[in-house]
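A short write-up of the structure that comes next.
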Amino acid sequence: MKLQKIIEGLALEVKTKTHDLTKEVTGGYASDLLSDVIANTKEGNVWVTIQTHINIVAVAALKELSGIILANGKVPDEDTLKKADDEGMPIMITTLPAFEVVGRLYTLGLRC
Amino acid sequence: MEKDCEVEVVMMYDKFEKNVEGVFFLKGKDFTNAGTASSELKTILGEIGINQSIIRRAAIAAFEAEMNVIIYTPAGMMHYSVTPEILKVVVEDMGPGIEDIELAMTEGYSTAPDYIREMGFGSGMGLPNIKKNTDEMKITSSPGEGTTLEFVINLKKE
Ligand SMILES: Nc1ncnc2c1ncn2[C@@H]1O[C@H](COP(=O)(O)OP(=O)(O)OP(=O)(O)O)[C@@H](O)[C@H]1O
Ligand SMILES: [Mg+2]
Chain A
14 MKLQKIIEGL ALEVKTKTHD LTKEVTGGYA SDLLSDVIAN TKEGNVWVTI
64 QTHINIVAVA ALKELSGIIL ANGKVPDEDT LKKADDEGMP IMITTLPAFE
114 VVGRLYTLGL RC
Chain B
43 MEKDCEVEVV MMYDKFEKNV EGVFFLKGKD FTNAGTASSE LKTILGEIGI
93 NQSIIRRAAI AAFEAEMNVI IYTPAGMMHY SVTPEILKVV VEDMGPGIED
143 IELAMTEGYS TAPDYIREMG FGSGMGLPNI KKNTDEMKIT SSPGEGTTLE
193 FVINLKKE
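The listed protein sequences correspond, in order, to chains A and B. The numbering used here puts the last residue of the first sequence at 125; the count rises by one with no breaks. The numbering used here puts the last residue of the second sequence at 200; the count rises by one with no breaks.
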């Protein structure tokens with residue numbers, strides 16, 4: 014499934030400018046603990062979190078994730094966005110809580 | 043099976059005749075650049091032609107070691123060396139050291155202060171993650187002076 018389909022399906026707001034939304038999303042992972050994300054995500058996963066700090070970009074880039082969805086109305090810090098644009102890492106936001114985001118991703122057909 | 047091993051070793055010698063090594067400097071509390079060393083190491087390993095699943099393990103271990111230096115210490119460095127047989131990474135820092143290494147290695151143990159936890163660190167999984175993703179891991183530490191964490195990943199198939 015392409016990231017673009019997820020953005021449309023969940024009506025996500027895309028915050029980054031430099032990115033590739035045609036990336037193939039291989040599955041998803043939801044967690045707010047960075048060591049957990051580092052240990053358990055697979056390349057191409059989309060990551061659902063409420064963390065907004067700049068480190069989320071380093072984590073997502075290192076694991077070659079397809080994008081970060083900030084749930085529950087969280088907005089990325091300014092330096093987070095800047096780094097995400099530098100790295101080409103898409104950041105999307107939504108007012109839906111993480112539970113709801115994951116449920117809708119699953120309904121769309123995304124599996125882990 | 044044996045043939046596979048041979049082919050892999052030959053390919054690696056093709057890519058580099060001599061050993062590759064280098065060093066990254068790590069600055070405490072520099073969250074803006076945190077992860078850069080691990081990410082560069084990952085790129086270098088890719089260029090050398092190391093197998094992807096090994097690169098993934100190395101990246102996890104290097105990132106956890108790098109973040110610990112950034113979170114808990116004023117400064118440190120990450121030295122890496124690659125031979126056809128092994129990848130070895132040595133991360134040295136300038137303190138405060140680890141008093142009880144066994145306790146620090148326990149899953150879930152963390153001394154991270156609240157503001158660090160709010161960033162998503164402090165689950166006490168970093169050192170266990172390094173252990174899980176490497177073939178050898180060793181920590182030596184003198185409280186008050188610093189910590190040296192060393193890990194090795196075998197590059198040849200057993
Ligand atoms: N380089 C270091 N210098 C001093 N103390 C360290 C160092 N590395 C780890 N520690 C100590 O060991 C503890 C456990 O480290 P570990 O990386 O496993 O978990 P954490 O950093 O607390 O959380 P996480 O890595 O899951 O975000 C730390 O909380 C800290 O007290
Ligand atoms: Mg840690």
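Quick reminder that beta carbons are idealized off the backbone N, C-alpha and C, glycines included. What you are looking at is a predicted structure, and each value in this text was computed from that prediction instead of being measured.
**OP:** Run down chain A in chain order and give the residues with a C-beta less than 8 Å from the C-beta of Gly168/B.
**Re:** For Gly168/B, the chain A residues whose Cβ falls inside 8 Å of its Cβ are Ser48, in order along the chain.
Original post:
Using a C-beta to C-beta distance shorter than 9 Å, which residues of chain B count as neighbours of His66/A?
Top reply: Ordered by position in chain B, the residues that pass the 9 Å Cβ test against His66/A are Phe73, Glu160, Met161 and Gly162.
**OP:** Give the residues of chain B in contact with Ala74/A, contact being defined as C-beta atoms less than 7 Å apart.
**Re:** Ser81
Original post:
Is the beta carbon of Phe163/B within less than 7 Å of some heavy atom of ligand 2?
Top reply: yes
Original post:
Residues bridged to Lys180/B by DSSP?
Top reply: Glu192/B
Original post:
If we ignore side chains and look at the alpha-carbon of each, how far apart do Val51/B and Val132/B end up?
Top reply: No answer about Val51/B holds up, because its pLDDT of 44 lies below 50 and its placement is not dependable.
**OP:** Please check if any C-beta of chain A sits within less than 8 Å of the C-beta of Pro93/B.
**Re:** Rather than Pro, the amino acid found at residue 93/B in this sequence is Asn. No, Asn93/B lies away from the interface with chain A (no Cβ there is under 8 Å from its Cβ).
Original post:
Does Gly77/B get closer than 8 Å to chain A when you measure Cβ to Cβ?
Top reply: yes
Subject >> According to DSSP, residues forming a beta bridge with Lys69/B >> reply: Ala117/B, per the DSSP bridge assignment.
Original post:
Of all Cβ atoms in chain B, is any one closer than 8 Å to the Cβ of Lys28/A?
Top reply: Taking a beta-carbon distance threshold of 8 Å, Lys28/A does not count as an interface residue toward chain B.
Subject >> Burial state of Phe67/B (16 or more Cβ within 10 Å) >> reply: exposed
Original post:
Just checking, does the region 141–160 of chain B make contact with the region 86–102 of chain B on the three C-beta pairs under 8 Å criterion?
Top reply: Inter-segment contact for the region 141–160 of chain B and the region 86–102 of chain B is absent: fewer than three beta-carbon pairs are separated by less than 8 Å.
Original post:
CA-CA distance, Leu169/B and Ala107/B?
Top reply: 8 Å
Subject >> DSSP state of Gly116/A mapped onto helix, strand, coil >> reply: helix
Original post:
What separation, rounded to the nearest whole angstrom, lies between the Cα atoms of Val7/A and Arg98/B?
Top reply: Residue 7/A cannot be examined here, being either before or after the span of chain A that is shown, 14 to 125.
Original post:
Counting by C-beta, which residues lie closer than 5 Å to a heavy atom of ligand 2, in chain order?
Top reply: Asn110/B and Gly168/B
Subject >> Alpha-carbon to alpha-carbon, Ala52/A and Thr93/A >> reply: 21 Å
**OP:** Pair every Cβ in the region 111–130 of chain B with every Cβ in the region 176–195 of chain B, then say whether three or more of these pairs are closer than 8 Å.
**Re:** yes
Original post:
Taking 8 Å as the CB-CB limit, is Ala97/A close to chain B?
Top reply: no
**OP:** Using the Cα positions of Lys36/A and Ile140/B, report the straight-line distance between them to the nearest angstrom.
**Re:** 42 Å
**OP:** Give a yes or no on whether 8 Å exceeds the smallest Cβ distance from Asp92/A to chain B.
**Re:** yes
Original post:
Do the region 114–122 of chain A and the region 68–79 of chain B meet, that is, are 3 or more Cβ pairs less than 8 Å apart?
Top reply: Verdict: no, contact absent.
Original post:
If you drop the 5 nearest sequence neighbours on each side, which residues of the same chain put their C-beta closer than 7 Å to that of Gly164/B?
Top reply: Ser152, Ala154 and Ile158
Original post:
On the three-state DSSP scale, how would you describe Val59/A?
Top reply: strand
Subject >> Same chain, Cβ closer than 8 Å to Thr39/A, neighbours up to 5 away in sequence not counted >> reply: Lys55, Glu56, Gly57, Asn58 and Ser79
Original post:
CA-CA distance, Phe73/B and Glu127/B?
Top reply: Distance from the CA of Phe73/B to the CA of Glu127/B, rounded to the nearest whole angstrom, comes to 33 Å.
**OP:** Identify whether Lys76/A lies in helix, strand or coil by the three-state DSSP scheme.
**Re:** In the structure shown, Lys76/A falls within a coil segment according to DSSP collapsed to helix, strand and coil.
**OP:** Just confirm the distance between the C-beta atoms of Thr31/A and Asp90/A, as a whole number of angstroms; I'd bet it's less than 8 Å.
**Re:** The Cβ separation is near 17 Å, so there is no contact.
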